[in-house]
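Participant: In my numbering, the protein residues as written are 497 to 704. C-beta atoms are modelled at their ideal positions from N, C-alpha and C, and glycine is treated no differently.
#1: In the structure shown, what three-state DSSP assignment does residue 615 receive?
#2: Excluding five sequence neighbours on each side, which residues of the same chain lie with their C-beta closer than 7 Å to the C-beta of residue 682?
#3: In the region 505 to 564, which residue ranges form an unbroken beta strand (DSSP E) of at least 3 residues, counting only runs that do not cross its ends?
#4: For residue 636, report the span of its alpha helix (DSSP H) as first-last.
#5: Of the residues 520, 538, 537 and 536, which one's Cα is nearest the Cα of residue 530?
#6: Restricting to Cα atoms, I'd like to know which of 607, 536 and 675 is closest to residue 624.
#7: On a CA-only basis, which of 586, 603 and 611 is nearest residue 655? Give me that one, please.
#8: Determine the DSSP secondary structure at residue 679, reduced to helix, strand or coil.
#9: Alpha carbon to alpha carbon, how far is residue 588 from residue 605? Give it in angstroms, no decimals.
#10: Out of curiosity, what's the CA-to-CA distance linking residue 702 and residue 684?
#11: Any idea if residue 444 is buried or exposed, counting beta-carbon neighbours within 10 angstroms, 16 or more meaning buried?
#12: Under the assumption that residue 527 contacts residue 542 (Cβ atoms under 8 Å), give the Cβ distance between them as a whole number of angstroms.
#13: For residue 587, name the three-state secondary structure that DSSP assigns.
#14: Cα separation between residue 666 and residue 619?
#15: Counting only the same chain and skipping the five closest in sequence on each side, list residues whose C-beta sits under 7 Å from that of residue 671.
#16: Would you please state the rounded distance, in angstroms, between the beta carbons of residue 584 and residue 648? I believe it to be under 8 Å.
#17: What do you reckon, are the CB atoms on residue 687 and residue 497 nearer than 8 Å?
#18: Is the CB-CB distance between residue 594 and residue 610 below 8 Å?
#19: With distances taken Cα to Cα, identify the nearest neighbour of residue 677 among 632, 599 and 554.
#20: Between the C-alpha atoms of residue 690 and residue 673, what's the straight-line distance to the nearest angstrom?
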C-alpha cells in the first residue's frame, strides 16, 4: 500500500480483519490458500507475499527508484528479502508476544521467547549496521530508499513503538539514523495510523 501511495498509483484497497476470521473464508482462500495477507489481484492475476507483490508492481509500472534494475542492487534486494523472514520478521513476533504480556494475555511460551528478545534484536541490528556501512543512507542503496527499506522499516518500527529500542542510538547509531530518515518518507504518518488505532484499542500508550 505504501509503495503504491509513493508512486501515486491508485488501488482498490480492501481491509481484511483476520481477527474476525475474514482471511479464512472460502472466498478469501480461493485467492490465498494459505489464508494470509496481503493479497494482490491484478485482473486475473493473483499474487501473495508482500515482497513478491512489491517487486511485481515495481517492475510492471517502472518504479525503478524503488526496485532498481541494476543487477548488483537487485541481487542485494533478493539477499535481504531472503534474510528477512527468519530475522527482521521476528520483530513482529516480539511485538505480538510483548503486547499479549502487557495486556495480561501472555503464556509461558511467550515469556520464554521475550527473555531472549534483546539477543534477537541485537543480532538483527548488527546485520543492519553492516548494510549501512560505508556511509550508506539506506540498506541497499547509498542515497535512496528502496522496497527493502519499506519492508524492513514496517517490521522494526513495531519494536520502536513498543518502547523496546531505548538504547539503539548508543548501540546501533547507523540504524538509529536510518529509522529517523525513514520517518521522512512521504505518507509515513498515514501508513502508521492503523498501528496507532490498534494501540488505542488495547488502551496502550505508544509513539506512532
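Facilitator: Quick look at the numbers:
#1: When DSSP states are grouped into helix, strand and coil, residue 615 belongs to the helix group.
#2: Excluding sequence neighbours, residue 682 sits near 502.
#3: Every beta strand (DSSP E) stretch that sits fully inside the region 505 to 564 and reaches 3 residues is listed by chain position as 535 to 538 and 541 to 544.
#4: It is not in any alpha helix (DSSP H) - residue 636 carries neither H nor E in the DSSP assignment.
#5: Of 520, 538, 537 and 536, the residue nearest in Cα terms is 520.
#6: The residue from 607, 536 and 675 with its alpha-carbon nearest to that of residue 624 is 675.
#7: Between residue 655 and the set 586, 603 and 611, the nearest pair of CA atoms involves 586.
#8: Looking at residue 679 - three-state DSSP - the assignment turns out to be coil, as it is neither helix nor strand.
#9: A straight-line Cα-Cα distance of about 16 Å links residue 605 and residue 588.
#10: Low per-residue confidence applies at residue 702: pLDDT is 47, beneath 50, and the placement is therefore not dependable, though the value from the model is reported in the following sentence. Cα-Cα distance, rounded: 16 Å.
#11: Because residue 444 is not part of the residues shown, which for the chain are 497 to 704, the question remains open.
#12: Sure, about 5 Å apart at Cβ, within 8 Å.
#13: The DSSP-derived three-state label of residue 587 is helix.
#14: Each residue's CA atom was taken as its position, placing residue 666 and residue 619 some 15 Å apart.
#15: Cβ within range, chain order: 621, 624, 625, 628 and 664.
#16: The C-beta separation of residue 584 from residue 648 comes to about 5 Å, placing the pair in contact by the 8 Å criterion.
#17: Yes, Cβ-Cβ distance for residue 687 and residue 497 is below 8 Å.
#18: Taking a C-beta distance under 8 Å as the contact criterion, residue 594 and residue 610 qualify as a contact pair.
#19: Of the listed residues, the one whose Cα sits closest to residue 677 is 632.
#20: When rounded, the distance between both Cα atoms is 24 Å.
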